[in-house]
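Below is one structure, written out as structure tokens, with a few remarks after it.
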Amino acid sequence: MSRRCLLDVNALVGLLWSVHSLHGKANVWFGQQAPLVLGCAFTELRFIRVSMADRTVAASFADAELALGQFIAALGSRYRFTDRLPPAAVLRGRSVRAHKEVSDLYLCELAVANRARLATLDGGSSTRPRW
């Protein structure tokens, strides 16, 4: 059985855009692991936003949406979309020290709630596991 992974935006950008500096590493990992991918509106929309904002990728909305759609279609039954997102209150009582940790911690909670592992290319965060 494949490992269930929630890909954060950095992992999605690294996998889907060949111009990303970690594209090769991300694809080697993805090919070896062949995970079942958990997706949600939060990660999909962030992928599109970052793809448009990143100067290296510089994708249009249509290009980012197409890349994401092709990725999801290629995964077929290995892609599971969840529309059951926890409320922001799930972070209440957590030690959130900086604004950049909000999304990281939220995605960790979402991954745990779905018996998944959060996969990221963000090596600087101590709040979540890396692949």
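Positions 284 to 414 (the numbering used here) are the ones given, in order, by the sequence shown.
Note that beta-carbon positions come from the ideal geometry of N, C-alpha and C, so glycine has one too.
Note that the structure is predicted; figures quoted are calculated from it, not measured.
* Asked: On the three-state DSSP scale, how would you describe cysteine 288?
  -> Position 5 of the sequence shown, counted from the first residue, corresponds to residue 288. Reduced to three states, the DSSP call for cysteine 288 is strand.
* Specify the secondary structure class of arginine 367 as computed by DSSP and reduced to three states. => As a first step, residue 367 must be located in the sequence shown, where it is residue number 84. DSSP places arginine 367 outside both helix and strand once states are collapsed to three, so it counts as coil.
* Asked: If we call anything under 8 Å between Cβ atoms a contact, is alanine 402 one with alanine 324?
  -> Against the sequence shown, residue 402 aligns to sequence position 119. Against the sequence shown, residue 324 aligns to sequence position 41. No.
* Asked: Helix, strand or coil for glycine 307 per DSSP?
  -> By 1-based counting over the sequence shown, the position of residue 307 is 24. Three-state result, glycine 307: helix.
* Nearest-angstrom Cβ-Cβ length linking leucine 351 and phenylalanine 330, presumed shorter than 8 Å -> Working through the sequence shown from its first residue, we reach residue 351 at position 68. Working through the sequence shown from its first residue, we reach residue 330 at position 47. Leucine 351 to phenylalanine 330, Cβ: 6 Å. Contact.
* **Alpha-carbon to alpha-carbon, alanine 372 and alanine 309** => The count along the sequence shown starts at 1 and reaches residue 309 at position 26. The count along the sequence shown starts at 1 and reaches residue 372 at position 89. So the two alpha carbons sit approximately 32 Å from each other.
* Count the other CB atoms within 10 Å of the CB of histidine 303; is the residue buried (16 or more) or exposed (fewer)? -> Position 20 of the sequence shown, counted from the first residue, corresponds to residue 303. A residue is called buried once 16 or more other Cβ atoms fall within 10 Å of its Cβ, and histidine 303 is buried on that count.
* For serine 301, which residues from the same chain have a beta carbon less than 6 Å from its beta carbon, with the 5 sequence-adjacent residues on both sides left out? -> Translated into the one-based positions of the sequence shown, residue 301 becomes position 18. Same-chain partners within the cutoff: there are none.
* To do: Output the distance between the C-alpha atoms of histidine 306 and glycine 297, rounded to the nearest integer angstrom.
  => Along the sequence shown, read from residue 1 onward, the residue named residue 306 stands at position 23. Along the sequence shown, read from residue 1 onward, the residue named residue 297 stands at position 14. When rounded, the distance between both Cα atoms is 5 Å.
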